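K.L.:
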Amino acid sequence: MPRYRFSWDNLPPALLGQLAHDLGLPQPAHRALQARYGARPGPAFVGDAWPTLIDGWLASDGESRELVVAELSARRLGGAAPARAAAAELGYLRSCADSAALREVVAAVFTAFGESDPVHMPVPSQATVTDNPVVAPHPVVAPDWGEAAPPAETGQAGNAGEAGHASEDGQAPTTLTEWLGWAVAQILDVDEVSRDADGDIRIRYGSTMCFVRSIEDPPSVRLFAPMVVEVPRTPALLEALNDINLNITVGRVFHTPGNEVLYALELYGEQLTVEIVRASLDAATAIADHFDHQLQSRFGGKTLFAEVTDDSVMV
């Protein structure tokens, strides 16, 4: 599954040049920035570069500017919340004194700005074989669910939702649970997936864990990923979750009575193909891993795991 990571050399050349000049760094700028500040921008970088970030980045990037202004004004930093006009927003940003909260917010938005691509949220019709770095070069051999588990033959007990017989070679799965394990193993290029005590397939990705659960009747699959736990419900949190839901194309995020923020996505029998499961895993892991630390930094709570710095997928 693709993980879109920040890289200094993803920044626009003009911004890189301005940062190098203002911070007194040698060329190439992206290497110098990484050598001084590490693989990802943190509070120290924002503290050093804040004036440059206002003029060289936020002045021309309206989307990022609106995000930064919204987060800072929600924390009551700077003057009164500005009108939604570039000049007013830039004036507000210049009124914000340097603080740990400002550095945290700006570092998070700047990290998203410097990722190699926006968070990819596939719609159910998308197939992602060709651009999925985890997939082995050989084709997927698991059949789609309808092929693996055809309806019972006329005159036999059962209905269209029940699993049929295995293929003649005995290799095809005969239940949805078997098929899902086989399909996910093919997607992850592993011999066998591991399941927890509840029978869920667990996929560790970045700072989150995605659980994949099959339901035999009616045939369906549920994917869910805890994003933040031990976080109390507040109006501001619910508003933030609603904003996320308005900007993702599949699934939903919500707060549970157990004080967890979950991402969840349901697939039903007619949707169950290998490529739909692949695209849904892409969405669940990318969305949860992208937003979990943003929510934690603003509302507290805990993520399941600390952020990792590589592209590994752990099953």
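Once you know that position 274 of the sequence shown is 274 in the numbering used here, the rest is easy, because the numbers rise by one and skip nothing.
We put the beta carbon where it would ideally sit given N, CA and C, even for glycine.
A quick note: this is a predicted structure, and the numbers were derived from the prediction, not measured.
(1) By a C-beta neighbour count over all protein chains shown, 10 Å radius and 16 as the cutoff for buried, is Y92 buried or exposed?
(2) Counting along the chain, where does the alpha helix (DSSP H) carrying I276 start and finish?
(3) Can S368 and D282 be called in contact, C-beta distance under 7 Å?
(4) Could you compute how far the alpha carbon of V123 sits from the alpha carbon of G17?
(5) Near P137, what residues of its chain come up, given a Cβ to Cβ distance below 6 Å and the 5 sequence neighbours on each side ignored?
(6) For Q294, is the classification buried or exposed, using 16 other Cβ atoms within 10 angstroms of its Cβ as the cut-off for buried?
(7) So for V105, helix, strand or coil by DSSP?
(8) Between the Cα of E230 and the Cα atoms of D48, R40 and D292, which residue gives the shortest distance?
(9) Whole angstroms are fine: how far does the CA of W57 sit from the CA of V141?
(10) Just the C-alpha distance for L272 and I248, rounded to the nearest angstrom, thanks.
(11) Taking the CB atoms as reference points, tell me whether L67 and V109 lie closer together than 7 Å.
(12) Over the uninterrupted beta strand (DSSP E) stretch that includes R213, give me the two end residues.
(13) Quick one: grab the DSSP three-state call for L334.
(14) So, are the CB atoms of A284 and L265 less than 7 Å apart?
(15) For P226, write down the residues that DSSP places opposite it in a beta bridge.
(16) So what does H255 bridge to, in DSSP terms?
(17) So, for A59: in the same chain, excluding its five sequence neighbours on each side, which residues have a beta-carbon less than 7 Å away from its beta-carbon?
(18) Closest by CA to E63, which one among A86, A44, A81 and T177?
(19) Keeping to the same chain, check which residues put their C-beta closer than 7 Å to that of R252; ignore five residues upstream and five downstream.
(20) Give the straight-line distance between the Cα atoms of R233 and F113, rounded to the nearest whole angstrom.
(21) Expressed to the nearest angstrom, what Euclidean distance is found between the alpha-carbon atoms of G78 and R202?
(22) Is any non-hydrogen atom of the ligand MN found closer than 6 Å to the C-beta of P51, if you look at the structure I gave you?
(23) When the distance is taken between beta carbons, is P226 closer than 7 Å to E260?
(24) Helix, strand or coil: which one does DSSP assign to E248?
(25) By how many angstroms is the C-alpha of G199 removed from the C-alpha of L267?
(26) Could you tell me the boundaries of the beta strand (DSSP E) in which I201 lies?
(27) Flag this pair as yes or no: are the beta carbons of A14 and A20 separated by less than 7 Å?
P.N.:
Here's the rundown:
(1) Taking the first residue of the sequence shown as position 1, residue 92 is located at position 92. Around the beta carbon of Y92, 16 or more other beta carbons lie within 10 angstroms, which makes this residue buried.
(2) Walking along the sequence shown from the start, residue 276 turns up at place 276. Judged by DSSP secondary structure, I276 falls within the alpha helix (DSSP H) whose first and last residues are V274 to F299.
(3) This structure cannot settle anything about residue 368, because the visible part of the chain is limited to 1 through 315.
(4) What you label residue 123 is simply residue 123 of the sequence shown in a count that begins at 1. What you label residue 17 is simply residue 17 of the sequence shown in a count that begins at 1. Interpretation of V123 is limited by its pLDDT of 36, a score under 50 that renders its predicted location unreliable; the figure taken from the coordinates is listed afterwards. So the two alpha carbons sit approximately 38 Å from each other.
(5) Numbered from 1 along the sequence shown, position 137 holds the residue referred to as residue 137. Confidence is the limiting factor: at P137 the pLDDT is only 37, short of 50, which leaves the residue's position unreliable and the question unanswerable from this model.
(6) Numbered from 1 along the sequence shown, position 294 holds the residue referred to as residue 294. Looking at its Cβ environment, which holds 16 or more other Cβ atoms inside 10 Å, Q294 is buried.
(7) Numbered from its first residue, the sequence shown carries residue 105 at position 105. The DSSP-derived three-state label of V105 is helix.
(8) Counting from 1 along the sequence shown, the entry for residue 230 is found at position 230. Comparing C-alpha distances from E230 to each of D48, R40 and D292 shows the shortest one belongs to D292.
(9) If you number the sequence shown from 1, residue 141 lands on position 141. If you number the sequence shown from 1, residue 57 lands on position 57. With a pLDDT of 46 at V141, under the threshold of 50, the modelled position of that residue is not reliable, and the figure given next carries that caveat. The alpha-carbon atoms of V141 and W57 are separated by roughly 47 Å.
(10) Reading the sequence shown from its first residue, position 272 is the one you call residue 272. Reading the sequence shown from its first residue, position 248 is the one you call residue 248. Taking the straight line from one Cα to the other gives about 21 Å.
(11) Along the sequence shown, one-based indexing puts residue 67 at 67. Along the sequence shown, one-based indexing puts residue 109 at 109. Cβ distance < 7 Å, so L67 and V109 count as in contact.
(12) Along the sequence shown, one-based indexing puts residue 213 at 213. T208 to I215 is the extent of the beta strand (DSSP E) around R213.
(13) The chain is shown from 1 up to 315; residue 334 falls before or after that span and cannot be answered.
(14) For the purposes of this step, residue 284 is identified with residue 284 of the sequence shown, where counting begins at 1. For the purposes of this step, residue 265 is identified with residue 265 of the sequence shown, where counting begins at 1. Yes; because the gap between Cβ atoms is below 7 Å, this pair is in contact.
(15) Looking up residue 226 in the sequence shown gives position 226. The partner list for P226 (beta bridge, DSSP) reads L262.
(16) Within the sequence shown, numbered from 1, the residue matching residue 255 stands at position 255. Note: H255 sits in a beta bridge opposite V261.
(17) Residue 59 sits at position 59 when you count from the first residue of the sequence shown. Excluding sequence neighbours, A59 sits near L90.
(18) Walking along the sequence shown from the start, residue 63 turns up at place 63. That would be A86, whose Cα lies nearest to the Cα of E63.
(19) Here residue 252 corresponds to residue number 252 of the sequence shown, with the count starting at 1. The answer, listed in chain order, is N245 and A264.
(20) For this step, residue 233 is matched to residue 233 along the sequence shown. For this step, residue 113 is matched to residue 113 along the sequence shown. A direct Cα-Cα distance of roughly 29 Å separates R233 from F113.
(21) Stepping through the sequence shown from its first residue, residue 78 is reached at position 78. Stepping through the sequence shown from its first residue, residue 202 is reached at position 202. Looking at the backbone, the Cα of G78 and that of R202 are separated by about 43 Å.
(22) Absence of the ligand MN is noted for the structure shown, with no ligands found whatsoever.
(23) Mapped onto the sequence shown, residue 260 falls at position 260. Mapped onto the sequence shown, residue 226 falls at position 226. The beta carbons of E260 and P226 sit closer together than 7 Å.
(24) Taking the sequence shown and counting its residues from 1, one reaches residue 248 at position 248. A quick correction: the sequence has Ile, not Glu, at residue 248. I248: coil per DSSP, three-state reduction.
(25) Indexing the sequence shown from 1 puts residue 267 at position 267. Indexing the sequence shown from 1 puts residue 199 at position 199. About 17 Å.
(26) Within the sequence shown, residue 201 is the residue found at index 201, counting from 1. I201 to Y205 is the span of the beta strand (DSSP E), which, as asked, contains I201.
(27) As a working mapping, residue 14 is identified with position 14 in the sequence shown. As a working mapping, residue 20 is identified with position 20 in the sequence shown. Cβ atoms of A14 and A20: not closer than 7 Å.
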